[in-house]
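The structure appears below as structure tokens.
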Amino acid sequence: MIRLKKMSKTNKMEQSSNLINNVDWNIKWNNVSKVYENGKKALTNVNVSINQGEFVAIIGLSGAGKTTLIKTVNKINDITEGQLTVGPYDLSKIKGSKLRKFRTKIGIVFQRYNLIENISVIQNVLTARLPQMPKWRSFFGLYSKNDVDFAYQCLAKVNILENAYDLAKDLSGGQMQRVALARTLAQEPKIILADEPVGALDPIMAKNVMDGFLLVNKMDKITVLANLHHVDLALQYADRIIGVKSGEIVFDDTWDKVNLSVLKSIYGEQLEQFDEEQFHETKRKRKAVQDNIKEVINKYKNNEQKQKNK
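Each residue of the sequence shown is one higher than the last, beginning at 0 in numbering that gives the first Met the number 0.
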């Protein structure tokens, strides 16, 4: 008789890790609808595919279904009909420990930062490492040197390292949002969901935060799916625009296909003044933004190489 050797717990964990890391984390909504318990229909027949590494901006009026859409990606919102796959997972079939493991690969950045204000910036970032640590180390907050070094790297990447030992409550709104992004990076996510991440910030701070999203998207090939209230920022930073109106996808194409007619189909009569001159100015700003990020990435890589050569 041939006896099959049981797979050890370690081998099972390695197999699970390979499943997560060695596949493309594409997102696919197939005929997806969402109806809330009160009967409100939030999404209707959504059919969208997003490939790993895309930067996608979702635009539309408040209440159009933008937040509901991105919250289906990490199963905060369950879908009512259809199928949603994210990476190797069919979201209708995961729960419990598998769902928790899946969510470690989906970073979320909210408008309200959600930082612990009475601890330091570096401690806030390190909290993202807790789910990946042994329980006893998590309980006592005993972070490894590798975890601490990685947290510093995440802060440096979004240009907030100099504030590592400041209390979170002493930061400006823009600084808090960059810390929130650094904390998300410390999860080592495959996808980042951003729900109105710059809605409460002034234009300069908003640009700094959006630069951070673009940097990690281009450098680390992390998918960014961002709900944005500001159309000009969506056109400057995202490669692809999805327009949502009354729970339906009414536009899905590259940023350069957006025009006044498209915006009117998304916003209707509530479209803020946006003329051809502003479109031209937005395109000019986009080129400057994209060129700047290329320079930042090159400098970052050069500095990394210098550190390795020391």
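Positions of the beta carbon are idealized from the N, C-alpha and C atoms, including for glycine. Model, not experiment: these values are computed from the prediction.
> So the alpha helix (DSSP H) Arg177 belongs to, where does it begin and stop?
Replying inline: 172-184 is the extent of the alpha helix (DSSP H) around Arg177.
>> With H, G and I counted as helix, E and B as strand and the rest as coil, what does DSSP make of Phe109?
In response: Residue state for Phe109 is assigned as coil, using DSSP reduced to three classes.
>> Let's see if you can read the secondary structure: which residues bound the alpha helix (DSSP H) around Asp194?
In response: Under the DSSP assignment, Asp194 falls outside any alpha helix (DSSP H), being part of the beta strand (DSSP E) whose first and last residues are 190-194.
>> Quick check: what's the CA-CA separation for Ala310 versus Ile240?
In response: The structure shown does not extend to residue 310, since the chain spans only 0 to 309, so no value can be given for it.
> First and last residue of the alpha helix (DSSP H) that includes Asp146?
Replying inline: 144-156 is the extent of the alpha helix (DSSP H) around Asp146.
>> Taking a contact to mean a Cβ-Cβ separation below 8 Å, would you say Val72 touches Leu192 in this structure?
In response: In this structure, Leu192 lies closer than 8 Å to Val72 by Cβ.
> Residue ranges of each alpha helix (DSSP H) run of no fewer than 4 residues wholly in the region 201-261, ordered along the chain?
Replying inline: Taken in chain order, the complete alpha helix (DSSP H) segments of 4 or more residues contained in the region 201-261 are 202-219, 230-236.
> At least one CB of chain B closer than 8 Å to the CB of Ile118: is that the case?
Replying inline: Here there is only one protein chain, and chain B is not present.
> Are the CB atoms of Gly310 and Ala41 nearer to each other than 8 Å?
Replying inline: No answer is possible for residue 310: it lies beyond the span of the chain, which begins at 0 and ends at 309.
> Three-state secondary structure (DSSP) at Ala63?
Replying inline: It is coil, neither helix nor strand.
> What's the C-alpha gap between Val147 and Arg285?
Replying inline: Roughly 35 Å between the two C-alpha positions.
>> Using only CA atoms, which one of Tyr151, Asp231, Lys168 lies nearest to Leu160?
In response: Considering only alpha carbons, the answer is Tyr151.
>> Tell me the rounded alpha-carbon separation between Lys8 and Arg102.
In response: Confidence in Lys8 is poor, its pLDDT being 48 and thus under 50, which makes the residue's placement too unreliable to answer from.
> Tyr88 bridges to which residues according to DSSP?
Replying inline: When DSSP reads this structure, Tyr88 sits in a beta bridge with Val85.
> Under 8 Å, do Lys189 and Trp28 count as touching if we go by C-beta distance?
Replying inline: Not a contact, by the Cβ cut-off of 8 Å.
> Assuming Phe273 contacts Tyr236 under a Cβ cut-off of 8 Å, what Cβ separation, rounded to an integer in Å, is found between them?
Replying inline: Between the beta-carbon of Phe273 and that of Tyr236 there is about 17 Å, and that puts the pair past the 8 Å contact cut.
>> Quick check on DSSP: helix, strand or coil for Val22?
In response: Coil, per DSSP.
>> Once DSSP output is grouped into helix, strand and coil, what is the label at Leu160?
In response: Taken through DSSP and simplified to helix, strand or coil, Leu160 comes out as helix.
>> According to DSSP, simplified to helix, strand and coil, what is Trp167?
In response: Sequence check: residue 167 is Ala here, not Trp. In the three-state DSSP reduction, Ala167 falls in the helix class (H, G or I).
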